[in-house]
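Worksheet for the structure shown next.
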Amino acid sequence: MSQPLIETARAVHEAGNIAEAARLYGEVLKSDAHNVEALYRLAAIQFERGQYEDAQRMLGEATRIAPEAVDAHLLRGRALQRLNRHQQALSHFERAIALDGAAEALCDKGNSLLSLGRLKEAIAAYDSHLAVHPRSAEAWHNRGVALARLKRCDDAVASFSKAIEIAPAVADGWRGRGSAYLELERFEEAASDYERALALDPELPYAQGYAILARLHCCDWKDLRRRKESISSALRAGRRVIQPFGNLMISEDPPEQAQCARIWMNDNHRAPPTLLAKGQRYGHKKIRVAYLSGDFRVHPVGQLMTGVFEHHDKFRFETIGVSIGPNDKSGLRTRIAAAFDEFIDARGTSDIEVASALRAREVDIAVDLMGLTGDCRPGILARAPAPVQVNYLGYPGTMAADAIDYILADMIVLPAEHQPFYREKAVYLPDTYLATDRSRLISGMPPSRGDAGLSEGFVFASFNMSYKFAPELFDIWMRLLAKVDRSMLWLPEGNAAARRNLGQEALARGINPERLIFAPHVKAHEDYLARLRLADLFLDTLPCNAHTTATDALWAGVPVLTCKGNSFAGRVGASLLSAVGLPELITDSLEAYEALALRLARNEDDLATLRTKLAANRLTRPLFDTARFTRNLERAFIRMWELNEAYQPPQSFSVAP
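Okay, here's the thing in structure tokens:
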């Protein structure tokens, strides 16, 4: 009976009557449960309907009965991919390839390897697929994704370009190439590609955010207000429009920043069903603290934290460094590695592998030093490999992740009224939340003004990245140049597009672009700090303040003028100035910021008094007291550990000085 019925079902299916075909395949299976064709065809219908669990289960039965059924292995692998079970999917793709060398399955194999973080193997699979199917836009695109993750961005651009050539109407190709251009700091090309992607698909996830960030890198502020309003409106509607770090550059609204982080985390890093260490209590004699970062190198995070790692109490704490980023083979990298009891180079390993390594080491407290910044790996702590997990330093805002218990802050950057916008419980450190390394060297003699490209006159400086510059602040800076004779604005060299656009913006405000002095990059940090001493006044930015760059200026003896904003990222300057004993340089409005900058530029005695005070305070006030900061941090860790040991849930608390 099943043969005529299967033929009828097949004909109905091919005619497009899917519901009736599914019913008929079901009837076939009632009388012949081992009918492989019915199993496969009904599973294909379930797959098309998004019923991936049912489909893979039925295909599992088909491959049990007919282990050499290539199509069943291939489709089951794809169903398992949709269920995010890539290791299982991989075995079915490999079986299909082994049975008949199915080149089609090579692309699927590459996709699962890509999801598992096995990037070099993924590229090899795509290359094998492309040798047979050279016009596969999907393979070229995903190969580009793998290359970009390996930081082989020039190769990634070439791969994405091939995908675009084959399928120019597919928005993902343009977005992928834009991301590679962004990594290569080819910001204008990145912005152009993102905008081409948006023209093809206005709802393309996060493309608006990356486009605006690329434009900010170029200091291209055309239509900026409208773009910001569009993004803000989209976030309120729950749309996937901008990545959290980019949003910090355009938003001062803590609820909006929290919404952005929630959307990102829900979309990209949902907690897996299995948590590794929640509820564990190990009872170690030493508290085991693991720090995770991709920036254990010459990078702001490395520069700020190295002294803390070195000052940890080795009798009370056992520390583990987990590097998920590049090894720049610098002296700072060597110092960082030597400061830990154990240092793990985990670059190239998957999230579950890193999480499992932390669980195997019975880590008590895991500290994510990246948060939601570039190349972050929140999927590691999403698996809860440690009973206590902390968001600190790299990202000035909430990670909006259930698995993160605490955020380290201070009362200035995270006032009590902002706590409702944080998923984490706030732990308030005294003095300031920001670590510094007191051992940083400054070269003995700064270069002359002439050698640094500066002339005689007042030097306003802002050594932030160009994406932090905002037109409202630039208006103020240009008015200051107009009112202070022979003054100049000293900025980092940055990219050519930013220099060109800033010059045009200055000219549009009546200022000769030659009064903008662009400082070339200095390789040695001690030489950079020595040169920075030539500045008279450092001008902070909003909505995102200078963080490490502000500590550089203060350590070099240069007063920093800030305007306290409304979000964590915009209140860091106030925190630093309070900790170094210069609260008089904190303003609460842009009008007050401009007025104080003008007064200091016109009054040499007032500025000299501030510089003298800073020179006295830098080694006596808390900001640059690394040992003091480390003891406060350890007291915070001890309290977190005690709460967990006492079966208490995470709770906000303040650390006594």
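FYI, the numbering for the sequence shown is -12 to 644, going by the numbering used here.
We put the CB at the ideal spot given by N, CA and C, even for glycine.
Short CB-CB distance (under 8 Å) between residue i and chain C
i	result
ALA184	Within the model displayed, chain C is absent; a lone protein chain is all it includes.
Local Cβ density within 10 Å of residue i, reported as buried at 16 or more and exposed below that
i	result
PRO407	exposed
ASN314	exposed
THR321	exposed
SER442	exposed
ALA(-4)	buried
ASP114	exposed
LYS551	buried
ASN499	exposed
HIS656	The structure shown does not extend to residue 656, since the chain spans only -12 to 644, so no value can be given for it.
GLU459	exposed
VAL288	buried
ARG486	buried
HIS271	exposed
THR599	exposed
ARG202	buried
LEU606	exposed
HIS546	Strictly speaking, residue 546 in this sequence is Pro, with His absent from that position. Buried.
DSSP three-state assignment for residue i, whether helix, strand or coil
i	result
VAL350	coil
THR549	strand
LYS600	helix
ILE237	coil
LYS265	coil
GLU443	coil
MET252	helix
ASN619	helix
PHE304	strand
ALA533	coil
LYS316	coil
MET357	coil
MET(-12)	With a pLDDT of 44 at MET(-12), under the threshold of 50, the predicted position of this residue should be treated as unreliable, and no value is reported.
GLU1	helix
MET386	coil
SER449	coil
THR607	coil
VAL509	coil
PHE327	coil
PHE283	coil
ARG174	One point to set straight first is that residue 174 is Phe, not Arg, in the sequence displayed. The answer is helix: DSSP assigns PHE174 an H, G or I state.
Nearest candidate by alpha-carbon position, reference residue i, set the options
i	options	result
SER390	HIS256, LEU380, ALA485 and LEU516	In the sequence as displayed, the identity of residue 390 is Ala instead of Ser. Per the Cα distances, HIS256.
TYR193	TRP251, SER146, ARG202 and ASP210	TRP251
SER576	GLU55, GLY557, ALA566 and LEU563	GLY557
THR549	SER238, ASP539 and GLU571	GLU571
SER639	ALA633, ALA623 and ASN553	ALA623
PRO609	THR596, GLY481 and LEU416	LEU416
ALA6	GLU(-6), GLN33 and GLY560	GLN33
TYR379	ALA371, PRO372, GLU404 and GLU411	GLU411
ALA264	ALA371, ASP355, GLY196 and CYS247	ALA371
GLY163	HIS204, ASN129 and GLN195	ASN129
ASP355	ALA595, ASN482, ALA448 and PHE283	PHE283
LYS149	PRO121, LYS138 and TYR168	PRO121
GLY381	LEU235, ALA186 and PRO434	LEU235
TYR197	VAL57, LYS215 and ALA178	ALA178
GLN246	TYR515, SER219, TYR269 and LEU262	SER219
Close Cβ partners of residue i (< 6 Å) along its chain, the five nearest in sequence each way excluded
i	result
ALA324	PHE330
PHE450	PRO479 and THR536
ASP392	VAL375, GLN376 and PRO637
ALA(-2)	none
ALA53	VAL23
TRP127	SER146, LYS149 and ALA150
Same chain, Cβ closer than 8 Å to residue i, neighbours up to 5 away in sequence not counted
i	result
SER562	ASP397, ILE399, VAL400, THR419, TYR420 and LEU421
ARG364	LEU279, GLY281, ILE311, ASP338, VAL341 and MET357
GLY3	none
LEU77	GLY64, LYS96, SER99, LEU100 and LEU103
THR528	SER449, ASN451, LYS455, PHE456, ALA457 and LEU460
Close Cβ partners of residue i (< 7 Å) along its chain, the five nearest in sequence each way excluded
i	result
LEU503	LEU476, LEU478, LEU489, GLY490 and ALA493
MET(-12)	With a pLDDT of 44 at MET(-12), under the threshold of 50, the modelled position of this residue cannot be trusted; read the value that follows with caution. Once the five neighbours on either side are set aside, the close Cβ partners of MET(-12) are SER18.
LEU(-8)	LEU11, GLU14 and VAL15
ASP362	GLY281 and GLY312
PHE327	PHE296, THR306, ILE307 and GLY308
Original post:
Does the stretch 617 to 632 come within contact of the stretch 425 to 443, defined as at least 3 CB pairs closer than 8 Å?
Top reply: no
**OP:** Count the CB pairs spanning the stretch 144 to 160 and the stretch 180 to 200 that are closer than 8 Å, and state whether there are at least three.
**Re:** yes
**OP:** Examine the Cβ distances between the stretch 234 to 244 and the stretch 348 to 355 and report whether three or more of them are shorter than 8 Å.
**Re:** no
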